[in-house]
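The structure appears below as structure tokens.
Number of protein chains: 2
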Amino acid sequence: MRIGDAAAAVGATPRALRFYEQRGLLPPPRRTKAGQRDYTPEDLAVLRVVRHLLGLGLTVEDLAGIADRLPLLAAQPPRPCDPEAPGEPAVVGTAVVRRRIAALDAEIERLTRLRDALRAGLDPAPRRVTARAHPPASAGR
Amino acid sequence: MRIGDAAAAVGATPRALRFYEQRGLLPPPRRTKAGQRDYTPEDLAVLRVVRHLLGLGLTVEDLAGIADRLPLLAAQPPRPCDPEAPGEPAVVGTAVVRRRIAALDAEIERLTRLRDALRAGLDPAPRRVTARAHPPASAGR
DNA sequence: CTTGCCCTTGACCCGTGGGTCAGGGATTAG
DNA sequence: CTAATCCCTGACCCACGGGTCAAGGGCAAG
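Taken in order, these protein sequences are the chains called A and B.
Heads up: the first sequence is residues 1 to 141, going by UniProt numbering.
Heads up: the second sequence is residues 1 to 141, going by UniProt numbering.
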């Protein structure tokens with residue numbers, strides 16, 4: 001299967017597939033004798049996992065870090081024997097996921113603070129609850 | 001006052017000041033006969049307001065859109081007569097602030113969803129509560 | 001006058017996840 | 001055989017808020 005079809009099959013673009021490959025997220029697929037990428041069904045399975053995890057909020061870098069385990073993850077069939085199974089990851093390398101969750105939490109908190117500060121400035125009656133952080137700048141990490 | 005001192009006075013760098021000016025956020029300051037920027041105390045006041053608002057989470061673009069009103073805002077003294085006064089903006093052009101708050105809210109919600117999805121995948125016992133959005137990708141706009 | 005710091009503009013760098021050419025080869029249908 | 005698609009690599013583009021470097025000119029003190 002060539003790149004265009006593979007991309008379409010997982011809802012991506014050829015560019016994205018080459019990009020994942022370049023970032024070490026995907027094992028380089030076989031090539032036809034003319035040099036065109038040729039994706040096997042197994043490759044597609046890994047690709048689907050990658051897209052899934054990216055969709056879940058993991059970054060390309062996160063996945064590059066656990067690229068070696070992705071084929072294993074992809075090899076796991078949907079397991080109809082256990083419908084109560086976890087969302088799907090769980091095996092992925094929980095450390096990565098945990099770190100990403102922590103990063104998301106931190107970002108959410110930062111944005112929430114910014115929003116509240118803005119809202120406090122906007123609202124004429126913050127009932128003296130507002131924290132009034134005087135130091136104006138330094139809002140980005 | 002030359003750019004280095006002005007920058008130091010508001011806790012920024014010369015580069016940042018030139019950047020604000022270039023983005024139309026700051027009125028171009030006077031120049032010495034040799035072409036060096038010369039900041040007046042009024043310029044500094046505007047600068048401080050800009051830094052404050054950026055620190056509150058407004059973007060450079062937001063401020064460029066209301067650049068004309070910033071000097072007015074800067075001209076308002078701290079008003080010791082009304083210690084219950086709003087955070088400081090309020091006058092800024094509430095529409096901009098409201099839009100930024102809405103954008104922040106949207107981003108916060110998006111990140112929260114991502115985090116929850118990740119957490120659901122991590123946690124082996126989501127008690128069949130998990131939404132299972134099968135369409136994997138398309139998480140960033 | 002010279003030294004040393006400050007200022008000028010312009011241009012490229014960061015990270016994220018690719019999009020969009022550009023120029024050339026491969027594959028496939030008619 | 002030819003034309004229409006597809007694919008290849010490499011390179012530059014987006015937003016954000018500046019950081020950093022380069023080459024050249026200004027400014028004050030000794």
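Backbone N, C-alpha and C define an ideal beta-carbon position, used for all residues, glycine too.
As the structure is a prediction and not an experimental result, all values here were calculated from the model.
Assignment of residue 30 of chain B by DSSP, reduced to helix, strand and coil, places it in the strand class.
With contacts defined as CB atoms closer than 8 Å, residue 12 of chain B and residue 44 of chain B fail to qualify as a contacting pair. Taking 8 Å as the CB threshold, residue 121 of chain A lines the interface with chain B. About 15 Å separates the beta carbon of residue 104 of chain A from that of residue 104 of chain B, a gap too long to meet the 8 Å contact definition.
A residue is called buried when at least 16 other Cβ atoms come within 10 angstroms of its Cβ; residue 62 of chain B meets this threshold and is buried.
Within the model, the alpha-carbon separation for residue 2 of chain B versus residue 106 of chain B is close to 41 Å. Secondary structure remark: continuous alpha helix (DSSP H) runs of at least 4 residues inside the UniProt domain "HTH merR-type" (1-69) of chain A, in chain order: 3-10, 14-22, 41-55 and 60-65.
Interface flag for residue 115 of chain A against chain B is set, since a Cβ pair is found closer than 8 Å.
Rounded to whole angstroms, residue 15 of chain A and residue 32 of chain B show a C-alpha spacing of 51 Å. Residue 96 of chain B is positioned such that its CB atom lies no closer than 8 Å to that of residue 57 of chain B. Taking all protein chains in view, the Cβ of residue 102 of chain B is surrounded by fewer than 16 other Cβ atoms within 10 Å, so the residue is classified as exposed. Each residue's CA atom was taken as its position, placing residue 40 of chain B and residue 54 of chain B some 21 Å apart.
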